[in-house]
Amino acid sequence: MLGRLNHVAIAVKDAEKAAKIYGVGFNAEISAPVSLPDHGVITVFVTLPNTKIEFVQPLGETSPIAKFLERNADGGIHHVCYEVPDIIEARDRLIKEGARVLGDGTPKIGAHGKPVLFFHPKDFSGALVEIEQA
Numbered sequence: 063m064l065g066r067l068n069h070v071a072i073a074v075k076d077a078e079k080a081a082k083i084y085g086v087g088f089n090a091e092i093s094a095p096v097s098l099p100d101h102g103v104i105t106v107f108v109t110l111p112n113t114k115i116e117f118v119q120p121l122g123e124t125s126p127i128a129k130f131l132e133r134n135a136d137g138g139i140h141h142v143c144y145e146v147p148d149i150i151e152a153r154d155r156l157i158k159e160g161a162r163v164l165g166d167g168t169p170k171i172g173a174h175g176k177p178v179l180f181f182h183p184k185d186f187s188g189a190l191v192e193i194e195q196a
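To convert, count from 1 in the sequence shown and add 62; that's our numbering.
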């Protein structure tokens with residue numbers, strides 16, 4: 063069962079700077095930066111009434127975001143994240159239908175302190191998809 067859209071992630075060189083316009087221009091709530099070494103990123107969230115925007119910046123040269131920014135110097139939409147009630151059940155169902163999970167298939171703890179998994183964009187019409195335990 064696919065849940066709500068949790069966030070849209072935008073890859074940037076400086077997450078705090080990128081989020082600032084949302085706070086100043088729209089009076090949106092901006093989170094403090096959070097380093098996620100297991101994912102190789104620093105995140106800053108902008109909370110909206112119906113979802114969030116996640117600005118992700120590279121944490122080190124081996125970060126997947128660093129590679130994305132090499133190809134897209136100005137940044138851009140990186141992935142969408144959907145909530146699921148049972149991440150293992152969702153993973154298994156998606157794999158059975160031919161979707162490829164990135165990594166070893168074991169959920170990692172994401173920016174919200176909940177398990178997450180990523181799926182190959184070629185299996186989702188060109189969009190990198192993250193699922194997060196609701």
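The C-beta atom is built at its ideal place from N, Cα and C for all residues, glycine as well.
Which of helix, strand or coil DSSP assigns to residue i
i, result
"glutamate 159", "coil"
"phenylalanine 180", "strand"
"alanine 81", "helix"
"glutamate 132", "helix"
"valine 74", "coil"
"phenylalanine 186", "coil"
Residue i, buried or exposed, once every other Cβ within 10 Å from all chains shown has been counted against 16
i, result
"lysine 170", "exposed"
"threonine 168", "exposed"
"valine 86", "exposed"
"threonine 235", "Outside the displayed span of the chain (63 to 196) sits residue 235, for which this structure offers no information."
"arginine 155", "exposed"
"alanine 189", "exposed"
"glycine 172", "buried"
"isoleucine 139", "exposed"
"glutamate 159", "exposed"
Close beta carbons around residue i, own chain, < 6 Å, minus the five adjacent residues each side
i, result
"alanine 80", "Val74 and Phe117"
Bridge-paired residues (DSSP) for residue i
i, result
"lysine 170", "Val178"
"leucine 98", "Val103"
"leucine 164", "DSSP output for leucine 164 lists no bridge partner at all."
Distance between residue j and residue i (C-alpha atoms, nearest Å)
i, j, result
"valine 191", "glycine 65", "13 Å"
"glycine 137", "alanine 196", "28 Å"
"aspartate 185", "valine 163", "10 Å"
"glutamate 91", "phenylalanine 181", "29 Å"
Cβ neighbours of residue i in the same chain (closer than 7 Å, five flanking residues each side left out)
i, result
"glutamate 78", "Pro95 and Val106"
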